[in-house]
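First residue of the sequence shown: 590, per our numbering; consecutive thereafter. Working notes for the structure below.
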Amino acid sequence: MKGSLAYERLHANLQALNLGTVERGIDTALENGVRGERSLTDVLDELLHQEVTARQALSTETRVRLAGFPVRKTLDEFDFEFQPSVDPALIRELATMRFVHNAENVIMVGPAGVGKTHLAIALGMEAARSGFSVSFYSASRALGKLRQAADRGLLERTLRNLCRSRLLILDEIGYLPWDRQMAHLFFRIVENRYERASTIFTSNKAYSEWGEVLGDPVLAAAVLDRILHHSTTVNIRGESYRLRVRRKAGTPTPVVPMESKERSATRDAGPARRK
Ligand code: ADP
Ligand code: MG
C-alpha cells in the first residue's frame, strides 16, 4: 500500500483538505481495517470523530485566548463546600449556557476573595467551549479604553467592538470610583447589550450602592433596570478564600477593616433571583 500512487494521493488530499488528524491516524486505521479487526464504518467514524474533536479543542483554545482572561479558572476547581452561599445547582444551570442563548445577565455580588472572578471566568470558559465568543475586562479598564476612544473620536467603533462578543465579562464594578464620563460610558455598554447579548458583572457593592459607584442615582437606576430585567444574581456571602488559604498555612492574617464593611454592604443585595 505504502508508496502506491493512491496512497500518496490519499495523504496529499488529506493535507489539502486540512484533515491533519485523519492523516496522522489513517495508516494505523487502514492496517487495522485490512486485518479485519474493525469494520470500515467504525474506522471512518473514529477517524472523523478525532478530527472534529481536535478542531473543536483548537477553536475553543482560540476563543479562550481571545477572551483575555487574566488567569484560567474552571468550575471543577471551585470548592462549593467552602462557599455554601453559592448554590451549585444554580451554577450548573448557568453552565448550560441557556443564559447566553437568551441574552440574559449574571451578576456576582460579594466581598473580596469569595470567588466572584473565579466563577465569572469559569462560566466564560464554558461559553468558549460551547462556541460563543467571550471577552473579559476589568470594568474600569473597559471604560478607560472607551474614554480614550472617545477622545480620539472613535467611540462608536470601539463600543461596537467591545460589545461584539456574545458574552462580555465586566469584572470589579465598584472597586474604583468612576467619574461622570465613565458612568455614562457604562450606561452605553449596558444599553448596547440589553436584550441582545449577555454580560456577567462582578461587584463588591450592593445594588443600593450603585448610585454612589456611578455618581448618579438616576443613571444607576436606569442601568440596573436594564441589567436586572433578564438576570440572575449570585449573591456570595462568605469568607475570603485567599484568607483561608493563608490561615491554613499558618501565616497570621491581616486585620481587614474593609471586610466587615463589605459584608454589611452586600447584605441588602437581595436573594438570588431569576426573571
Ligand atoms: P473575588 O473576585 O471574589 O475577589 P476571586 O475569584 O479572585 O475572588 O478568588 C480569589 C482566589 O481564591 C482565586 O485564586 C480563586 O481561584 C480562589 N477561590 C475563591 N473561591 C474559591 C473556591 N470556593 N474554591 C476554589 N478556589 C477559590
Ligand atoms: Mg475579583
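Don't be surprised by glycine CBs; every beta carbon is placed ideally from N, CA and C. Everything numeric in this text was worked out from a predicted model, so none of it was measured.
For residue i, does the count of other Cβ atoms within 10 angstroms reach 16, so buried, or fall short, so exposed?
i	result
L606	exposed
V683	Contrary to the premise, residue 683 reads as Leu rather than Val in this sequence. Classification for L683: buried.
S648	exposed
V807	exposed
G699	buried
K864	Low confidence applies to K864: its pLDDT is 37, below 50, so where it sits in the model is not reliable enough to give any reading.
A595	exposed
G763	buried
F669	exposed
V823	buried
N691	exposed
S853	Because the pLDDT of S853 is 36, which lies under 50, any placement of that residue in the model is unreliable, and the number read from its coordinates should be weighed accordingly. Per the 10 Å Cβ criterion, exposed.
G592	exposed
A858	Its pLDDT being 39, under 50, A858 is placed unreliably by the model, and the measurement read from it follows with that caveat. It is buried - the Cβ of A858 has at least 16 other Cβ atoms within 10 Å.
A711	buried
Q604	exposed
Q737	exposed
N793	buried
Quick check: residue i and residue j, are their CB atoms within less than 7 angstroms of each other?
i	j	result
L817	L774	no
L756	V723	yes
L759	S729	no
F721	V695	no
V675	I789	no
A809	L803	yes
A656	F725	yes
A618	L636	yes
M686	S727	no
L633	G622	no
A534	D805	The chain is shown from 590 up to 864; residue 534 falls before or after that span and cannot be answered.
A717	R782	no
Is residue i near the ligand ADP, judged by its Cβ being under 6 angstroms from some heavy atom?
i	result
V611	no
R746	no
R831	yes
F667	yes
F725	no
Q672	yes
G733	no
G657	no
A701	yes
Let me check you understand the geometry: is the CB of residue i closer than 6 angstroms to at least one non-hydrogen atom of the ligand MG?
i	result
T822	no
T788	no
K705	yes
> Residue ranges of each alpha helix (DSSP H) run of no fewer than 4 residues wholly in the region 654-716, ordered along the chain?
Replying inline: Runs found: 677-684 and 687-690.
> Would you call the region 655-670 and the region 794-814 in contact, with 3 or more CB pairs under 8 angstroms?
Replying inline: They do not touch, by the three-pair rule.
> Any chance the region 824-836 sits against the region 700-710, with 3 or more Cβ pairs inside 8 angstroms?
Replying inline: Segments in contact, yes.
>> Would you call the region 706-722 in contact with the region 737-749, where contact means no fewer than 3 C-beta pairs closer than 8 angstroms?
In response: A contact between stretches requires three or more CB pairs, one per stretch, nearer than 8 angstroms, and the region 706-722 fails this requirement with the region 737-749.
> With a cut-off of 8 angstroms, do at least 3 Cβ pairs link the region 627-645 to the region 600-616?
Replying inline: Yes, they touch.
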